[in-house]
Structure formats: C-alpha cells, structure tokens
C-alpha cells in the first residue's frame with residue numbers, strides 16, 4: 009500500500025503478504041536455521057540417524073544429509089534455497105552436503121547477531137566474499153598432493169566418507185571396492201582425467217551379508233537367457249551387441265498376401281524361417297557365441313540360436329548395451345548382415361546366475377573394462393538402500409580425490425586451521441568488514457564443535473584444546489579423535505578428505521548465506537482461489 013495526497017493506493021492483490029527490512033531477514037534466517045538443525049545431529053561418526061516416512065508410509069532410515077534434505081517437504085522459500093544448495097553440493101562432488109548446510113546455517117546465525125549491532129547486510133556480504141576467496145587460498149596451502157595410483161591413501165579417503173554411515177562396520181570392504189571401481193573406469197583425455205560414475209553400475213539385491221558385496225569386472229544384465237536349451241555359461245565369450253530385432257521385419261506399408269493352396273502357406277512359412285536362419289548363420293559365421301539384443305528375438309530364431317549353442321539375451325536396455333560395449337570393447341551393430349569378427353566384444357565368462365529371487369546375466373573377467381558393476385548385498389531392504397548411499401559417497405570422494413589430487417586432514421582439523429588463519433587475515437582488513445570475516449572464521453568452527461557435541465563431549469573444552477594444538481608449527485593436522493574424546497593428528501589416524509569437497513562446501517554455504525542476507529523484502533502472492541476469474 010502506498011499514499012498519494014493522503015489517499016491510500018492498493019498495489020498488491022488482496023490476501024498477498026509482504027515482509028520488509030529486518031522482519032523479512034529474520035524470517036528467512038529462522039527458516040534456513042530450521043533446515044540446518046534438521047541435519048546437524050547427523051554429522052560425524054557418532055551422528056544420529058533420521059527416520060523419514062513419506063506420504064505412502066514408506067520408511068527410510070539414514071543419516072545421509074542429501075537424502076534427508078531431498079526427502080523433507082518444505083514450504084518456506086529460504087528453506088528451499090538451503091535445500092537447493094545442498095543438491096548442488098551433492099551433484100558437483102557427491103559428499104559434504106551436511107557440512108555445507110551446517111556452515112550456511114551458522115553464517116546466517118552469526119550474521120543476524122552482527123545486524124543487531126547495526127552492521128549493514130551489504131557489509132557482511134562483502135566480508136563473507138573476501139573470506140571465501142582467502143579461504144580457498146588457505147586450503148590450497150594446507151592441502152597435500154597425492155598420487156592417484158596410491159591406493160592406500162584413496163582407501164583412507166573413502167573410509168572417511170563412510171565413517172558416519174549406519175553400516176560403517178563394513179567400510180574397509182566398501183572402500184576397497186570403490187577405489188577399484190573408479191580406478192578401472194578412469195580415462196585420459198589430453199591432459200585431463202575423466203571419470204564418469206555413470207559407467208559404474210550398481211545392482212542391489214537382498215540376501216546374504218554386506219561383506220558379500222562384490223565388484224564385477226564387467227556388467228550385470230538383469231535379464232534371463234531367452235531359451236531353456238541355450239547354454240547358461242560360456243567361457244571365452246565372443247559377444248555380439250545387436251540393436252535391431254531378430255525377427256521378420258514388417259513392411260512400412262499395408263500389404264496383403266493372397267494364399268490359395270496349402271503349399272503356398274508352407275512356402276511362406278519356410279521363407280520366414282529361411283530369413284531368420286540366414287541372420288543366425290551370419291552371427292555364427294562372425295564367431296559370436298553370446299548375443300545381446302536390444303529388441304525382440306523371434307521364437308524360431310531362438311530355436312536356431314539354441315541349436316548353435318549361442319547364449320542369447322533379448323530386450324536389453326540401451327544404457328546396458330552401452331555399458332556392455334565399454335566393458336567388452338564390442339561395437340553395437342544395427343544390421344546383422346554387416347557384422348564381422350572385429351565388431352565382437354570379449355569376456356572371460358558370461359553366465360546366468362540366480363541372485364535372490366531373480367536370474368541375472370553376469371558378463372565378467374573382461375580384459376580392461378571401462379564400465380564395471382557393483383553388486384550390493386545385505387539382509388534387509390533398509391540396509392541395502394543405506395549401503396547404496398554409502399557406496400555412492402565413497403565413489404564420489406574417490407573421484408574428487410583423483411580429479412583434483414589434493415587431500416586435507418578431516419575431523420575438523422582443516423576448519424580449525426582455516427578459522428585461525430582467517431582471524432589473522434581479518435586484522436589486516438580493518439573496518440566493519442573485519443567483523444564479518446571474524447564471524448566467518450567462527451562459523452567454520454561449527455563443524456568441529458558439532459562433531460564433538462554429537463559424540464557426547466564438552467565442545468568448549470575440546471575446541472580450546474584444538475585451538476591450542478594449532479598454535480604449534482606442526483599442529484595444522486590436529487582434529488577431534490571421536491573415540492578418545494581428545495585432539496589427535498588426523499593424518500596419522502588416516503582421517504582424510506578431498507580438497508575439492510571442503511572447498512565446494514564452503515563455497516556453497518557462502519553463496520546461499522549471502523543470497524539470503526541480501527533479501528530485505530518478501531512479497532508472497534495471494535493464495536486465494538481464482539476460480540471465478542476468466
């Protein structure tokens with residue numbers, strides 16, 4: 009509403025709501041902090057779990073920040089912004105979502121205190137931006153370069169990402185699988201290492217234990233052999249990948265065949281059989297003893313293939329065909345009559361196995377597969393799902409460590425050291441921006457503080473102890489030893505995280521906090537029904 013010569017002018021539709029100035033800022037900050045509190049207790053090896061029940065009554069038990077934030081249904085736009093930035097973190101590096109959300113919440117919490125002291129949000133925003141740029145430089149200085157072929161270090165990185173998970177007892181086994189899988193699919197393109205995690209197929213099946221989870225140096229196809237008389241296992245397989253149907257082709261136009269005698273029917277059927285037999289003969293001539301067909305396989309063709317001892321699978325998904333091509337070095341062929349021995353892929357073994365209640369085709373023992381499979385096993389559905397989330401986190405951090413081969417000490421050590429150096433930097437800035445940078449440094453310490461709180465220890469005493477350790481020349485690697493409740497050298501304990509994960513977490517947190525701080529006017533449209541309008 010506005011005033012003109014004392015007469016009120018209504019601008020917004022009836023029922024619209026508007027919040028301005030500090031009211032809008034407080035409201036947004038409160039909503040963002042509420043989302044932060046939802047995941048804060050899940051951080052670290054001693055973090056708590058959340059039970060999520062959806063509208064259909066399906067239950068998910070997890071402490072994975074990305075899963076929790078993706079599942080909860082929020083209305084407030086500021087809360088949605090926090091969730092979006094968590095999704096960005098998950099998409100870019102696959103880990104660190106809880107860290108980024110907690111830091112964002114603390115940045116907003118401390119910014120609110122500064123605003124109460126009459127520090128303008130723009131000053132805070134500028135200070136945060138300067139602190140972010142300086143933080144990236146400090147983290148690069150703190151990071152240690154690694155060899156991407158150093159499997160022992162990569163396993164430690166993978167294990168660190170799984171320490172907080174519900175099934176961390178099997179982390180050694182899963183870390184080894186994750187490192188082997190990523191190492192297998194990495195490709196050199198010029199001066200860059202390309203890692204496409206989509207080339208790692210994850211199959212979940214209930215039954216057996218977590219330690220029965222395995223990596224397959226090839227691909228698992230969730231299909232069965234099409235004919236009971238076909239072999240169920242082929243060694244030294246030569247694999248043909250066919251994208252067209254092994255059926256009699258239909259014409260693109262309507263046609264009518266007039267048959268007047270029984271002999272003509274026989275000739276027609278014989279010609280159909282001959283057409284199918286010629287296709288099967290061409291496959292056999294190429295040397296193929298295994299066929300994966302993206303489309304259908306005619307019953308007669310199945311009989312011919314079975315007689316020739318060719319293991320055949322039909323209606324294979326396009327994505328699986330592409331993975332099979334990468335795993336076996338085969339070429340996907342559309343015209344069967346053009347197939348040759350050079351188009352065939354190779355695998356040490358192709359066999360049908362019963363996993364749980366289903367039969368599946370295992371293409372394994374491939375020489376140098378650029379696509380692999382991980383078969384996750386566990387006793388119940390909830391554990392299988394959590395194991396999948398654990399594997400995805402491990403794969404993501406190993407990828408991050410390989411793409412940018414620098415690591416940092418975990419356990420809150422990097423955040424404590426970063427905060428210490430930022431405080432020194434703040435003193436060189438001066439003015440009110442110095443206050444914002446100091447607040448930024450304090451906000452980073454929320455990570456070690458939360459780790460300590462979730463483990464049941466006194467955060468004040470331990471944070472003071474860790475700060476004291478970091479004053480020493482060799483103290484940059486000291487974080488919280490969760491098991492013993494005291495500061496310890498994280499490098500010696502093998503608690504390591506990729507530089508890329510923490511850098512992205514801090515950047516994501518700063519961006520969303522700055523965005524929310526700059527909002528001083530919230531105009532919510534009317535929620536009234538417009539049913540009577542044209």
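In our numbering, the protein residues as written are 9 to 542. Backbone N, C-alpha and C define an ideal beta-carbon position, used for all residues, glycine too. All values derive from a computational prediction rather than experimental measurement.
Residue i: first and last residue of the uninterrupted alpha helix (DSSP H) it sits in
| i | result |
| --- | --- |
| residue 312 | 307-315 |
| residue 78 | 73-79 |
| residue 323 | Residue 323 -> no alpha helix (DSSP H), and no H or E assigned at all. |
| residue 117 | 105-124 |
| residue 424 | 421-437 |
| residue 467 | 467-478 |
| residue 523 | 507-525 |
| residue 400 | 389-411 |
| residue 97 | 85-101 |
N-terminal and C-terminal residue of the beta strand (DSSP E) that residue i is part of
| i | result |
| --- | --- |
| residue 197 | 195-197 |
| residue 241 | 241-250 |
| residue 69 | 67-70 |
| residue 298 | 298-301 |
| residue 58 | 58-61 |
| residue 229 | 227-229 |
| residue 214 | 208-214 |
| residue 416 | 414-417 |
| residue 495 | 494-497 |
Buried versus exposed call for residue i [16 or more other C-beta atoms within 10 Å across all chains shown]
| i | result |
| --- | --- |
| residue 222 | exposed |
| residue 536 | In this predicted model, residue 536 has a pLDDT of only 44, less than 50, meaning its place in the structure is not dependable enough to derive any value. |
| residue 72 | buried |
| residue 9 | Because the pLDDT at residue 9 is just 46, under 50, the model does not fix this residue reliably, and the value given afterwards should be weighed accordingly. Exposed. |
| residue 225 | buried |
| residue 420 | buried |
| residue 345 | exposed |
| residue 362 | exposed |
| residue 393 | buried |
| residue 12 | Because residue 12 carries a pLDDT of 49, less than 50, the predicted location of this residue cannot be relied on, and no value is offered for it. |
| residue 307 | exposed |
| residue 516 | buried |
| residue 418 | buried |
| residue 125 | exposed |
| residue 386 | buried |
| residue 503 | buried |
| residue 270 | exposed |
| residue 298 | buried |
| residue 64 | exposed |
| residue 219 | exposed |
| residue 538 | Confidence at residue 538 is low in this model, with a pLDDT of 43, below 50, so the placement of that residue is unreliable and no value is reported for it. |
| residue 59 | exposed |
| residue 45 | exposed |
| residue 217 | exposed |
| residue 486 | buried |
Contact under 9 Å by Cβ, residue i with residue j
| i | j | result |
| --- | --- | --- |
| residue 333 | residue 371 | no |
| residue 356 | residue 244 | yes |
| residue 116 | residue 525 | yes |
| residue 187 | residue 205 | no |
| residue 444 | residue 131 | yes |
| residue 93 | residue 47 | no |
| residue 238 | residue 310 | yes |
| residue 521 | residue 101 | no |
| residue 78 | residue 90 | no |
| residue 283 | residue 302 | no |
| residue 165 | residue 406 | yes |
| residue 488 | residue 460 | yes |
| residue 151 | residue 501 | no |
| residue 352 | residue 295 | yes |
| residue 95 | residue 398 | no |
| residue 358 | residue 241 | yes |
| residue 97 | residue 512 | yes |
| residue 168 | residue 505 | yes |
| residue 104 | residue 43 | no |
Original post:
Are the segment 80-99 and the segment 120-139 touching by the rule of at least three beta carbon pairs closer than 8 Å?
Top reply: By the Cβ rule, the segment 80-99 does not count as touching the segment 120-139, because fewer than three pairs are nearer than 8 Å.
**OP:** Please determine if the segment 416-427 and the segment 242-249 are in contact, where contact requires at least 3 C-beta pairs separated by less than 8 Å.
**Re:** No, the segment 416-427 does not touch the segment 242-249.
Original post:
Does the segment 209-229 come close enough to the segment 377-396 that 3 or more CB-CB pairs lie under 8 Å?
Top reply: yes
Subject >> contact_flag[the segment 172-186, the segment 471-483] where n(CB pairs < 8 Å) is 3 or more >> reply: no
Subject >> Contact the segment 233-244 vs the segment 288-296: 3+ CB pairs below 8 Å >> reply: no
Subject >> Length-filtered (4 minimum) alpha helix (DSSP H) runs lying within the segment 318-387 >> reply: 326-336
Original post:
So, do the segment 446-459 and the segment 98-118 have three or more beta carbon pairs nearer to each other than 8 Å?
Top reply: yes
Subject >> Inter-stretch contact (C-beta, 8 Å, three-pair minimum) for the segment 492-500 and the segment 460-470 >> reply: yes
Original post:
Should the segment 397-404 be called in touch with the segment 431-447, which here means at least 3 C-beta pairs below 8 Å?
Top reply: Between the segment 397-404 and the segment 431-447, the count of C-beta pairs closer than 8 Å stays below three; the two stretches do not touch.
**OP:** Any chance you could list the alpha helix (DSSP H) runs of at least 4 consecutive residues sitting entirely within the segment 129-176, in chain order?
**Re:** 129-150, 159-170
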